[in-house]
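Those letters in the sequence shown? Residues 0 to 411, per numbering that gives the first Met the number 0, in order.
Please read the structure below before turning to the comments.
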Amino acid sequence: MEWFAGLIAAFIALKLFAQLLLENLNRKEVQRHMGSVPEAFKGTMDEATYTKSTQYTLAKGAFSRWELIVDTIVLLIVLFSGFLPWAYSIWVVLFGFSAWALAGYLFAVGLLMSLPGLPLSWLEQFRLEERFGFNTTTQKTWWLDRLKGLILALLLGYPLLVLVIKIVEWTGPHWWLWAWAVVIGFQLLMMVLAPVLILPLFNKFTPLPEGSLRDRLLALGERTGFRSKAIQVMDGSKRSKHSNAFFTGFGGFRKIVLFDTLVQQLGETELEAVLAHEIGHYKRKHIPKMLLASAGGLLVTFLMIAWLSKQEWFYRAFGFTPGSIVPALLLFSLMSGLFTFWFSPVVNLISRRFEYQADAYAADAMRESGSLVGALRKLNEKNLSNLTPHPIYSAFYYSHPTLFEREKALAK
Ligand SMILES: [Zn+2]
0 MEWFAGLIAA
10 FIALKLFAQL
20 LLENLNRKEV
30 QRHMGSVPEA
40 FKGTMDEATY
50 TKSTQYTLAK
60 GAFSRWELIV
70 DTIVLLIVLF
80 SGFLPWAYSI
90 WVVLFGFSAW
100 ALAGYLFAVG
110 LLMSLPGLPL
120 SWLEQFRLEE
130 RFGFNTTTQK
140 TWWLDRLKGL
150 ILALLLGYPL
160 LVLVIKIVEW
170 TGPHWWLWAW
180 AVVIGFQLLM
190 MVLAPVLILP
200 LFNKFTPLPE
210 GSLRDRLLAL
220 GERTGFRSKA
230 IQVMDGSKRS
240 KHSNAFFTGF
250 GGFRKIVLFD
260 TLVQQLGETE
270 LEAVLAHEIG
280 HYKRKHIPKM
290 LLASAGGLLV
300 TFLMIAWLSK
310 QEWFYRAFGF
320 TPGSIVPALL
330 LFSLMSGLFT
340 FWFSPVVNLI
350 SRRFEYQADA
360 YAADAMRESG
370 SLVGALRKLN
380 EKNLSNLTPH
390 PIYSAFYYSH
400 PTLFEREKAL
410 AK
């Protein structure tokens, strides 16, 4: 085995080991608290709901252990069986070396690798989520979702791949800068188009219905200078009883979406507090900041691919012949997660800071924090969230602070 292939094998093992360790830590932490409702939530959550939430957490943990193992096996087979260079040699004989043909190879490999995950996500939706009473997706909706996803990938992802490969041909050694600019442009375009063209393919969006809730939310929009036309309700109940709200887009294309499940679960002042939190994300410019950070990350990514595509050992380690950019793109995309995983605590730390900022904004806009605390408690209860994740586990995986942490910050 080449030294680089050996190094990658070690990184695969290391990541799997760390992830299983994290799952284990988290499971023990939940089991340790299982006996009775944590002190901070006595009186706000009943024993039966708390027990159910710990069972849900444990079941999800057991499930993700299987997912991790399957993902690792798939990656090992794909990288070390010699399948990729073998399939590449056949592909170019059949379809040639045009950008469309080469992008087709990348697309086909991606599609093939997503297949083993398909039964797992089916089981997650129709067994795990079903067992805890969350699933409302029909078989038809679930399969249609996959089909729509595939068609969108063909219509949007595939041409983008073709364009990147063409840019490498057209622009020479500084291709990475051009490719970066094109992908950033594509991302911005998607942020504008997704709320109008893509999200409606999956869900129905409706304006807030007439009534006291609408008046209250519009008044908050008025007070905080947020254009109220952009507040919409989404039929999340079509797929799940989980509830949520999110903020998307930027500038004139921004939109705050409340799940219909959330509207059912929360009282009016609580919904107002949730909306204030989402407006907080807008006011504190969290989306542009995230975009800027991901643009920086993307530039580093392209620079690394450009450098690796000139290293013979990078190709040889996995059986490819140096020359085309395509194997370098493929190998890099398969392996990048082995390294980016270790940065997830940093990314999540920033994301959690943004959540605290949005919470603080909401408390400010509402001139009280009780409504937001009430909303967060209900959200955690209805979604059977884990109230006691292990701190290292939440550092790696939690984009939002836990209920306890948010309440503590709001109490200040
Ligand atoms: Zn938030």
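Here a beta-carbon is modelled for each residue, glycine too, at the ideal position from N, C-alpha and C.
Looking at ligand 1, does it come within less than 7 Å of residue i, judged from the CB to the closest heavy atom?
| i | result |
| --- | --- |
| residue 357 | yes |
| residue 241 | no |
| residue 354 | yes |
| residue 389 | no |
| residue 276 | yes |
| residue 280 | yes |
Taking all protein chains shown into account, decide if residue i is buried (16 or more other Cβ within 10 angstroms of its Cβ) or exposed.
| i | result |
| --- | --- |
| residue 413 | Nothing about residue 413 can be reported from this structure: the residues present for the chain run from 0 to 411 only. |
| residue 299 | exposed |
| residue 211 | exposed |
| residue 18 | buried |
| residue 280 | buried |
| residue 412 | Nothing in the structure corresponds to residue 412, since the chain is present only between 0 and 411. |
| residue 378 | buried |
| residue 260 | buried |
| residue 328 | buried |
| residue 206 | exposed |
| residue 312 | exposed |
| residue 173 | exposed |
| residue 178 | buried |
| residue 402 | buried |
| residue 308 | buried |
| residue 38 | exposed |
| residue 220 | buried |
| residue 22 | buried |
| residue 164 | buried |
| residue 16 | exposed |
| residue 349 | exposed |
| residue 387 | buried |
| residue 338 | exposed |
| residue 366 | exposed |
| residue 304 | buried |
Would you grab the beta carbon distance between residue i and residue j for me? Rounded to a whole angstrom, and I think it's under 8 Å.
| i | j | result |
| --- | --- | --- |
| residue 182 | residue 297 | 6 Å |
| residue 242 | residue 382 | 7 Å |
| residue 157 | residue 102 | 6 Å |
| residue 302 | residue 175 | 6 Å |
| residue 71 | residue 166 | No, residue 71 and residue 166 are not in contact; Cβ-Cβ is about 33 Å, not under 8 Å. |
| residue 408 | residue 358 | 6 Å |
| residue 232 | residue 200 | Incorrect: roughly 17 Å between the Cβ atoms, too far for contact. |
| residue 62 | residue 123 | 6 Å |
| residue 208 | residue 249 | In fact, because the Cβ distance is near 27 Å, the residues do not count as touching under 8 Å. |
| residue 376 | residue 43 | 5 Å |
| residue 390 | residue 354 | Residue 390 to residue 354, Cβ: 16 Å. No contact. |
| residue 84 | residue 318 | 4 Å |
| residue 218 | residue 254 | 19 Å between Cβ atoms; not a contact. |
| residue 364 | residue 222 | 7 Å |
| residue 105 | residue 159 | At roughly 11 Å, the Cβ-Cβ gap does not stay under 8 Å, so residue 105 and residue 159 are not in contact. |
| residue 404 | residue 239 | Wrong, their Cβ atoms sit about 25 Å apart, outside the cutoff. |
| residue 96 | residue 316 | So it is not a contact: roughly 23 Å between Cβ atoms. |
| residue 77 | residue 112 | 6 Å |
Following a CB-centred definition, is residue i positioned closer than 7 Å to any heavy atom of ligand 2?
| i | result |
| --- | --- |
| residue 142 | This structure simply doesn't include ligand 2; it includes ligand 1 instead. |
| Runs of alpha helix (DSSP H) wholly within the stretch 255–304 (minimum 4 residues, chain order) | Counting only runs of 4 or more, we get 259–264, 267–282.
| said: List, from N- to C-terminal side, the beta strand (DSSP E) runs of 3 residues or more that fit wholly inside the stretch 181–219. | reply: Fully enclosed beta strand (DSSP E) runs of 3 or longer: 204–206.
| Hey, which unbroken runs of the alpha helix (DSSP H) at 4 residues or more fall wholly within the stretch 138–186? | If we require 4 residues or more, the alpha helix (DSSP H) runs fully inside the stretch 138–186 come out as 138–151, 157–170.
| request: Specify whether the stretch 115–134 and the stretch 189–204 touch according to this definition: at least 3 beta carbon pairs, one from each stretch, less than 8 Å apart. | output: Here the stretch 115–134 does not lie against the stretch 189–204, with fewer than 3 beta-carbon pairs under 8 Å apart.
| query | Are three or more beta carbon pairs between the stretch 266–281 and the stretch 243–252 nearer than 8 Å? | reply | Segments in contact, yes.
| Cβ pair count under 8 Å reaching 3, the stretch 386–404 against the stretch 342–356 | Here the stretch 386–404 makes contact with the stretch 342–356; the two share three or more CB pairs at distances below 8 Å.
| message | Below 8 Å, how does it come out for the stretch 258–269 and the stretch 280–290: are there three or more Cβ pairs, yes or no? | response | Taking 8 Å as the limit for Cβ pairs, the verdict is that the stretch 280–290 does not touch the stretch 258–269.
| For the stretch 84–96 against the stretch 112–130, are there 3 or more C-beta pairs whose distance is under 8 Å? | No, the stretch 84–96 is not in contact with the stretch 112–130.
| query | Can you list the beta strand (DSSP E) stretches of 3 or more residues lying completely in the stretch 312–348, in chain order? | reply | Runs of the beta strand (DSSP E) lying entirely within the stretch 312–348 and spanning at least 3 residues: none are present.
| request: Determine, using beta-carbon pairs with one atom in the stretch 18–33 and one in the stretch 48–62, whether at least three such pairs fall under 8 Å. | output: Result yes; three or more Cβ-Cβ pairs closer than 8 Å.
| query | Can we say the stretch 370–377 touches the stretch 316–336, given the rule of at least three CB pairs closer than 8 Å? | reply | These segments do not touch.
| request: Enumerate, from N- to C-terminal direction, the unbroken alpha helix (DSSP H) stretches of 4 or more residues contained entirely within the stretch 63–94. | output: Complete alpha helix (DSSP H) runs here, min 4: 82–94.
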